[in-house]
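The numbering used here numbers the first residue of the sequence shown as 29 and each following residue consecutively. Okay, structure first, notes after.
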Amino acid sequence: MAGIGELATGMAHEINQPLNTISLTIDNIIFSLENKTITETYLKTKVNKVFDNITRIKKIIDHVRTFSRDQDDFIQTSFDINSSINNCISMLSEQMDQKEIILTFKQSDDIPTIIGNIYRFEQVILNLLVNAKDAIDEKKKQSCRNFKRKIDISTNLNKKHIVIEIKDNGIGIKPEVIDKVLLPFYTTKAPGQGTGLGLSISYGIIKELGGEIDIDSKPNIGTAVFIKIPVQEQTK
29 MAGIGELATG
39 MAHEINQPLN
49 TISLTIDNII
59 FSLENKTITE
69 TYLKTKVNKV
79 FDNITRIKKI
89 IDHVRTFSRD
99 QDDFIQTSFD
109 INSSINNCIS
119 MLSEQMDQKE
129 IILTFKQSDD
139 IPTIIGNIYR
149 FEQVILNLLV
159 NAKDAIDEKK
169 KQSCRNFKRK
179 IDISTNLNKK
189 HIVIEIKDNG
199 IGIKPEVIDK
209 VLLPFYTTKA
219 PGQGTGLGLS
229 ISYGIIKELG
239 GEIDIDSKPN
249 IGTAVFIKIP
259 VQEQTK
């Protein structure tokens with residue numbers, strides 16, 4: 029799964045943004061006080077902005093904290109897949125920027141909500157995005173030429189299934205091992221760089237939703253991971 033370091037870096041980046049906004053807002057208030065130009069309306073607006081960003085920080089901390097809890101503590105809830113994917117993108121945006129990876133998300137507006145454990149689902153998306161990032165990084169290390177690094181995510185409604193695609197242009201997976209990557213403890217990463225549990229756990233989580241994971245990969249071209257989740261009767 030996405031490592032503690034990955035989540036910590038992402039959380040630090042996400043918290044820094046509202047903190048910077050709070051700092052700038054307070055500076056503006058102090059400046060207005062010193063120049064005696066402050067008004068009650070202005071002060072209320074600025075204070076509300078500070079509280080909004082404090083709330084945002086609290087939500088970020090609460091969201092990340094959930095990953096350290098026992099997953100059995102979480103009840104099944106109705107959640108929006110597109111929103112969950114956007115949460116994961118936000119948490120990893122700093123790492124993607126550092127690796128100069130362009131990440132796009134083409135989301136369909138007709139995706140129904142599903143009933144499940146939102147945190148376990150987001151663990152799957154985080155894991156797949158980290159894998160895609162690592163595959164691109166590995167290709168960069170092995171290749172002498174520069175290339176446009178990208179990860180494309182999309183959601184679509186295909187008859188009775190929600191289809192999520194995560195596609196990268198990384199190092200790819202060899203044909204002779206692609207059938208093994210969903211098995212526990214199997215990893216294509218170098219020794220010490222992966223436990224081989226991420227994809228198998230992700231597969232188990234998607235199976236809990238009645239779904240499937242399919243992988244299409246070509247060496248040195250990239251990998252596409254397809255998640256198919258059946259539309260649930262109660263969400264139509």
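The beta-carbon is built from N, C-alpha and C at its ideal position, and this holds for glycine as well. Everything numeric in this text was worked out from a predicted model, so none of it was measured.
- Burial state of leucine 131 is buried, judged by a 10 Å Cβ sphere holding 16 or more other Cβ atoms.
- For phenylalanine 149, the enclosing alpha helix (DSSP H) starts and ends at 146–170.
- As the crow flies, the alpha-carbon of isoleucine 181 is around 46 angstroms from that of glutamate 68.
- Pairing aspartate 162 with isoleucine 179 gives a Cβ-Cβ distance that is not under 8 angstroms.
- Beta bridge pairing from DSSP links valine 253 with Ile194 and Ile243.
- A contact is defined here as three or more CB-CB pairs under 8 angstroms, and the region 72–81 fails this definition with respect to the region 116–133.
- Isoleucine 241 places its beta carbon 8 angstroms or farther from that of isoleucine 142.
- Separation of the CB atoms of threonine 183 and isoleucine 194 is rounded to 10 angstroms, and the pair is thereby denied contact status at 8 angstroms.
- Within the model, the alpha-carbon separation for isoleucine 139 versus isoleucine 103 is close to 22 angstroms.
- Pro46 is the residue among Pro46, Asn63 and Ile129 whose C-alpha sits nearest the C-alpha of isoleucine 88.
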